[in-house]
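2 protein chains.
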Amino acid sequence: MLTKKVVELLEADHILQDYKVNGWVRAFRSNRFIALNDGSCLDNLQCVVDFENTDEAILKSISTGAAISVVGTLKESEGKGQRVELEVKSIEILGPADPEDVKKTILQPKKHSLEKLREQAHLRVRTNTFGAVMRVRSKLAFAVHQYFNEHGFYYINTPIITGSDAEGAGEMFKVTNLDLKNVPKTESGEIDYSKDFFGKETNLTVSGQLEAETYALGLGKVYTFGPTFRAENSNTSRHLAEFWMIEPEMAFCDLEGNIDLAEDFIQYVLKYITEHCKADLEFLENRLLQDEKSKPEKDRAPMPLREKIDFVLKNNFKRVSYTEAIEILKNCKPNKKKKFNYIIEDWGADLQSEHERYLVEKHFGCPVVLYDYPADIKAFYMRLNDDGKTVRAMDVLFPGIGEIVGGSQREERYDVLLSKMKEIGVDEKELWWYLETRKLGTCKHSGFGLGFERLVLFATGMSNIRDVIPYPRTPQNAEF
Amino acid sequence: MLTKKVVELLEADHILQDYKVNGWVRAFRSNRFIALNDGSCLDNLQCVVDFENTDEAILKSISTGAAISVVGTLKESEGKGQRVELEVKSIEILGPADPEDVKKTILQPKKHSLEKLREQAHLRVRTNTFGAVMRVRSKLAFAVHQYFNEHGFYYINTPIITGSDAEGAGEMFKVTNLDLKNVPKTESGEIDYSKDFFGKETNLTVSGQLEAETYALGLGKVYTFGPTFRAENSNTSRHLAEFWMIEPEMAFCDLEGNIDLAEDFIQYVLKYITEHCKADLEFLENRLLQDEKSKPEKDRAPMPLREKIDFVLKNNFKRVSYTEAIEILKNCKPNKKKKFNYIIEDWGADLQSEHERYLVEKHFGCPVVLYDYPADIKAFYMRLNDDGKTVRAMDVLFPGIGEIVGGSQREERYDVLLSKMKEIGVDEKELWWYLETRKLGTCKHSGFGLGFERLVLFATGMSNIRDVIPYPRTPQNAEF
Numbered sequence: 001m002l003t004k005k006v007v008e009l010l011e012a013d014h015i016l017q018d019y020k021v022n023g024w025v026r027a028f029r030s031n032r033f034i035a036l037n038d039g040s041c042l043d044n045l046q047c048v049v050d051f052e053n054t055d056e057a058i059l060k061s062i063s064t065g066a067a068i069s070v071v072g073t074l075k076e077s078e079g080k081g082q083r084v085e086l087e088v089k090s091i092e093i094l095g096p097a098d099p100e101d102v103k104k105t106i107l108q109p110k111k112h113s114l115e116k117l118r119e120q121a122h123l124r125v126r127t128n129t130f131g132a133v134m135r136v137r138s139k140l141a142f143a144v145h146q147y148f149n150e151h152g153f154y155y156i157n158t159p160i161i162t163g164s165d166a167e168g169a170g171e172m173f174k175v176t177n178l179d180l181k182n183v184p185k186t187e188s189g190e191i192d193y194s195k196d197f198f199g200k201e202t203n204l205t206v207s208g209q210l211e212a213e214t215y216a217l218g219l220g221k222v223y224t225f226g227p228t229f230r231a232e233n234s235n236t237s238r239h240l241a242e243f244w245m246i247e248p249e250m251a252f253c254d255l256e257g258n259i260d261l262a263e264d265f266i267q268y269v270l271k272y273i274t275e276h277c278k279a280d281l282e283f284l285e286n287r288l289l290q291d292e293k294s295k296p297e298k299d300r301a302p303m304p305l306r307e308k309i310d311f312v313l314k315n316n317f318k319r320v321s322y323t324e325a326i327e328i329l330k331n332c333k334p335n336k337k338k339k340f341n342y343i344i345e346d347w348g349a350d351l352q353s354e355h356e357r358y359l360v361e362k363h364f365g366c367p368v369v370l371y372d373y374p375a376d377i378k379a380f381y382m383r384l385n386d387d388g389k390t391v392r393a394m395d396v397l398f399p400g401i402g403e404i405v406g407g408s409q410r411e412e413r414y415d416v417l418l419s420k421m422k423e424i425g426v427d428e429k430e431l432w433w434y435l436e437t438r439k440l441g442t443c444k445h446s447g448f449g450l451g452f453e454r455l456v457l458f459a460t461g462m463s464n465i466r467d468v469i470p471y472p473r474t475p476q477n478a479e480f
Numbered sequence: 001m002l003t004k005k006v007v008e009l010l011e012a013d014h015i016l017q018d019y020k021v022n023g024w025v026r027a028f029r030s031n032r033f034i035a036l037n038d039g040s041c042l043d044n045l046q047c048v049v050d051f052e053n054t055d056e057a058i059l060k061s062i063s064t065g066a067a068i069s070v071v072g073t074l075k076e077s078e079g080k081g082q083r084v085e086l087e088v089k090s091i092e093i094l095g096p097a098d099p100e101d102v103k104k105t106i107l108q109p110k111k112h113s114l115e116k117l118r119e120q121a122h123l124r125v126r127t128n129t130f131g132a133v134m135r136v137r138s139k140l141a142f143a144v145h146q147y148f149n150e151h152g153f154y155y156i157n158t159p160i161i162t163g164s165d166a167e168g169a170g171e172m173f174k175v176t177n178l179d180l181k182n183v184p185k186t187e188s189g190e191i192d193y194s195k196d197f198f199g200k201e202t203n204l205t206v207s208g209q210l211e212a213e214t215y216a217l218g219l220g221k222v223y224t225f226g227p228t229f230r231a232e233n234s235n236t237s238r239h240l241a242e243f244w245m246i247e248p249e250m251a252f253c254d255l256e257g258n259i260d261l262a263e264d265f266i267q268y269v270l271k272y273i274t275e276h277c278k279a280d281l282e283f284l285e286n287r288l289l290q291d292e293k294s295k296p297e298k299d300r301a302p303m304p305l306r307e308k309i310d311f312v313l314k315n316n317f318k319r320v321s322y323t324e325a326i327e328i329l330k331n332c333k334p335n336k337k338k339k340f341n342y343i344i345e346d347w348g349a350d351l352q353s354e355h356e357r358y359l360v361e362k363h364f365g366c367p368v369v370l371y372d373y374p375a376d377i378k379a380f381y382m383r384l385n386d387d388g389k390t391v392r393a394m395d396v397l398f399p400g401i402g403e404i405v406g407g408s409q410r411e412e413r414y415d416v417l418l419s420k421m422k423e424i425g426v427d428e429k430e431l432w433w434y435l436e437t438r439k440l441g442t443c444k445h446s447g448f449g450l451g452f453e454r455l456v457l458f459a460t461g462m463s464n465i466r467d468v469i470p471y472p473r474t475p476q477n478a479e480f
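Those protein sequences? They're chains A and B, same order as listed.
Per the numbering used here, the first sequence starts with residue 1, numbered consecutively.
Per the numbering used here, the second sequence starts with residue 1, numbered consecutively.
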């Protein structure tokens with residue numbers, strides 16, 4: 001007998017006899033109607049039980065959360081709410097779920113807070129919300145790979161354990177094999193890393209960029225898609241200690257080409273989910289609308305979810321130089337009325353989330369790309385402009401999210417790079433290999449980093465980044 | 001003016017006027033013929049320079065390793081060795097490469113050892129061999145995602161930093177934020193992990209399986225593809241401290257379904273590269289043939305690379321129970337003549353690489369799947385058979401590689417799992433969430449792990465696993 005997924009049965013356009021389907025009971029009404037879900041899609045399959053001819057013990061075991069296997073015939077539904085339903089011939093209980101146990105969990109069919117769901121992260125994917133979020137996440141990830149594959153990029157895996165610090169100053173997690181109870185020391189009292197697994201101090205990567213650059217300078221166009229880490233004590237709805245980052249890097253490409261890529265790429269992957277995740281996005285949109293009813297109007301999203309995604313698909317990103325942005329911000333109402341927490345006074349100020357969101361949400365009303373930032377507030381590897389004070393950096397700012405992409409054209413000139421490293425104290429011995437690429441056929445090249453969870457946040461309308469990754473890692477939390 | 005990749009020009013079927021192409025000089029012969037490579041494919045584009053009308057300074061800078069930009073017309077080639085060539089109109093030197101600098105590196109056009117190439121891992125992707133390996137690796141990775149996406153699996157990212165140890169006994173890297181110079185201790189002298197970032201002891205994951213199981217028990221079919229870690233002091237050509245693993249997990253699936261998946265999956269991804277990496281595989285095959293000429297005949301691969309891949313595509317994997325395998329091994333010549341390092345005497349023995357390779361390479365002559373292993377030599381989460389002494393485990397064994405896949409049907413019965421955990425001392429409090437899934441709609445489910453680098457080794461014919469990942473991590477080595 002053939003086994004089918006729920007999604008296959010729901011999409012069937014003719015009567016199917018004697019098919020088997022496995023799944024979990026979401027609800028059982030009137031001793032007759034099972035709502036069966038197997039994770040293959042949002043919707044449940046209605047299975048109609050002939051309760052008069054079904055064993056009493058089995059009927060009792062058909063309860064919320066139970067895993068069952070059903071054989072039956074797929075027919076047009078007589079009831080409302082579904083096109084088709086399965087007329088059940090036989091049922092097998094695979095794994096029961098004691099209602100007393102279920103009551104203690106989020107599987108109990110009632111509204112649970114997102115906080116509560118997080119505490120039971122091993123079960124939350126069995127709810128409509130998290131099923132939808134994780135299917136959208138998966139499809140987004142596939143779209144990422146498909147985009148780059150179609151556009152001539154090679155996928156590379158840069159190291160997770162690393163001796164170098166790409167950003168020059170990130171807070172990093174240490175990776176070690178030393179006995180922490182009795183850390184070996186040298187005669188001068190320093191930690192003796194020669195005794196450690198790698199014979200040197202190592203950390204979890206904050207970015208694969210520097211390694212990706214070396215590969216772009218050979219393969220032409222490459223990208224990474226892997227985990228990165230920040231040991232920042234930021235307990236916010238936007239930060240994770242462990243998150244997935246996408247980092248394309250292109251040889252022979254300047255900042256304009258880099259911005260073009262970011263825009264084209266983001267539009268492609270969002271378009272992909274509007275085509276492949278229709279039901280899940282509709283559900284998430286309604287969930288958000290429902291959720292926001294309890295919020296004051298000013299805190300609600302300006303557009304429903306799918307309209308927001310369409311808006312990004314249909315509008316070009318507005319490109320604005322940092323200098324122009326500062327002028328706008330200096331003269332805007334919230335700045336003059338001192339409504340910002342950080343008042344913008346002079347060129348050179350680092351922009352805060354409140355400023356970015358003002359530009360995107362109030363001033364331009366569309367995604368914004370800021371470029372040519374002051375060198376002093378950006379990383380050492382960004383290409384210095386001829387003005388000597390700005391660098392070819394760019395940030396893509398999204399409504400509700402703020403910065404979703406950060407990128408730059410890289411400094412390809414050996415002398416300029418070396419003197420910058422010396423100036424800010426980046427160890428040139430540690431990065432000898434990075435520097436050396438600038439002596440052996442250097443060329444202009446560019447790339448960016450996109451935090452995958454921020455993209456999933458945007459695409460799903462969820463508001464806390466902990467709710468778009470299966471098992472979030474945050475300060476004081478590494479459960480599961 | 002349009003810019004084209006080398007691969008686009010080499011595949012063009014008509015004359016193209018005034019196109020630009022960027023790349024690196026691989027060679028410059030007779031002041032006339034540039035072999036230009038941009039990483040988009042293995043082959044170089046021949047660019048023919050009109051040296052009489054080209055500036056002397058530019059001619060001098062066209063040297064191996066230099067990055068250049070060329071404008072010209074693509075024509076049928078008059079010379080041998082290439083179908084088309086670019087008649088150069090103008091050349092720009094983007095980044096020179098001083099021949100004195102090049103001489104010190106592996107960019108110098110002569111044969112370098114793989115060890116030497118590893119020391120310059122930031123440059124080796126600019127060689128034919130590593131360009132080919134990394135393109136094949138990238139295409140294999142894409143095929144992985146495409147296979148699972150087409151077959152209804154959802155991609156999930158399981159945590160990298162974890163408090164649990166999936167295998168029960170792996171050697172793990174510690175992840176910490178504590179000051180190693182002055183590790184905080186409790187009053188009783190233990191390490192005070194409450195002061196650490198996560199408030200508990202954490203490690204780098206050795207497998208995402210346990211978390212993947214919880215997701216399969218909600219989404220139905222899922223897979224991971226991410227980095228995993230082993231702090232084993234194994235300095236062999238088969239081991240990395242950091243490697244990428246693919247772990248599918250399926251609800252409502254038994255061991256047979258699991259083996260079916262492994263076979264279908266491996267054949268799919270290998271077929272994909274035979275279709276998408278023709279030139280690279282041909283090059284790697286010839287490289288291997290060349291390389292093996294210096295080896296004694298008995299150490300040479302029994303088949304050329306592409307024949308070996310075809311062989312796996314065209315033959316079903318032979319399925320053999322552990323018990324049958326032991327009988328074969330007990331009675332085979334190398335065992336009787338004590339040629340094995342580990343003589344097989346009794347049922348229950350753990351198989352070594354020499355035994356696995358005997359079965360695959362000598363006895364069956366095809367990929368072999370061993371199943372139903374003794375419970376005592378396998379992990380706690382594998383499903384116990386009714387005989388009470390074997391578990392529903394399976395290993396896929398490949399020629400030249402040995403174990404490429406390890407998987408099992410998982411123990412879905414709460415009581416059996418709990419007593420097994422108690423028996424071998426797995427902390428049930430740490431894994432409360434894993435256990436709880438067995439009480440709330442448990443069902444049979446299965447999955448496996450495939451070490452991605454081993455697959456790349458097989459597909460490229462390389463012999464050292466350090467040569468199929470951009471920046472390998474091994475004992476005493478975390479350079480770059």
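C-beta atoms are modelled at their ideal positions from N, C-alpha and C, and glycine is treated no differently.
Residue i, buried or exposed, once every other Cβ within 10 Å from all chains shown has been counted against 16
i: B/Ala-57; result: exposed
i: A/His-355; result: buried
i: B/Arg-410; result: buried
Test: residue i CB closer than 8 Å to a CB of chain B
i: A/Ala-132; result: no
i: A/Ser-138; result: yes
i: A/His-151; result: no
i: A/Val-468; result: no
i: A/Val-88; result: no
i: A/Glu-242; result: yes
i: A/Ile-486; result: Residue 486 of chain A lies beyond the stretch modelled for chain A, which goes from 1 to 480, so this question has no answer here.
i: A/Lys-439; result: yes
Contact with chain A by residue i, beta-carbon distance below 8 Å
i: B/Ser-40; result: yes
i: B/Val-102; result: yes
i: B/Trp-347; result: no
i: B/Arg-32; result: no
i: B/Gln-476; result: yes
Counterpart residues of residue i in DSSP-defined beta bridges
i: B/Asn-44; result: Per DSSP, none; premise fails for B/Asn-44.
i: A/Thr-526; result: Absent from the structure is residue 526 of chain A, since the part of chain A shown begins at 1 and ends at 480.
i: A/Met-421; result: According to DSSP, A/Met-421 bridges with nothing at all.
i: A/Trp-24; result: A/Asn-37 and A/Ala-67
i: A/Asn-203; result: A/Thr-162 and A/Lys-174
Helix, strand or coil at residue i [DSSP, three-state]
i: A/Met-382; result: strand
i: A/Gly-388; result: coil
i: A/Gln-290; result: helix
i: A/Ile-401; result: coil
i: B/Asp-427; result: coil
i: A/Arg-319; result: strand
i: B/Met-134; result: helix
i: B/Leu-140; result: helix
Residues of the stretch 42–61 of chain B whose Cβ lies closer than 7 Å to any Cβ of chain A, in chain order: none
Contact residues within the stretch 264–279 of chain A, judged by C-beta distance below 9 Å to chain B: none
Chain B contacts made by the stretch 211–232 of chain A, where a contact means CB separation under 7 Å: Glu-211, Thr-214, Tyr-215, Gly-218, Leu-219, Gly-220, Gly-226, Pro-227 and Ala-231
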